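Residues are numbered in the working numbering as their position in the sequence shown, beginning at 1, plus a constant of 4.
Note that the Cβ used here is the ideal one computed from N, Cα and C, for glycine as well.
Just so we're clear, the structure is a prediction, and the values are computed from it rather than from any experiment.
The structure under discussion appears below in the form of structure tokens.
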Amino acid sequence: MKIKTFDCVEMKRRGAELVQKQLEGKSLAQKLEYWQKGTDELKKLQKQKNGKN
């Protein structure tokens with residue numbers, strides 16, 4: 005029997021729980037700001053990576 009060293013579903017669930025805790029009690033505007041910041045950071049990383057190639 006193979007031993008799993010990585011469980012994608014478990015990782016997704018832990019990530020979702022973390023986001024849920026971070027957004028708990030936040031207003032809609034604060035939640036939108038959270039997601040916009042994450043989007044902006046991702047776009048910045050993508051531009052950096054694409055600029056290096």
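Enclosing alpha helix (DSSP H) for residue i [first to last residue]
| i | result |
| --- | --- |
| K8 | That residue, K8, is in no alpha helix (DSSP H); it is neither H nor E in DSSP. |
As assigned by DSSP and simplified to three states, the class of residue i
| i | result |
| --- | --- |
| K30 | coil |
Integer-rounded CB distance, given that residue j should sit under 8 Å from residue i
| i | j | result |
| --- | --- | --- |
| L27 | Y38 | 6 Å |
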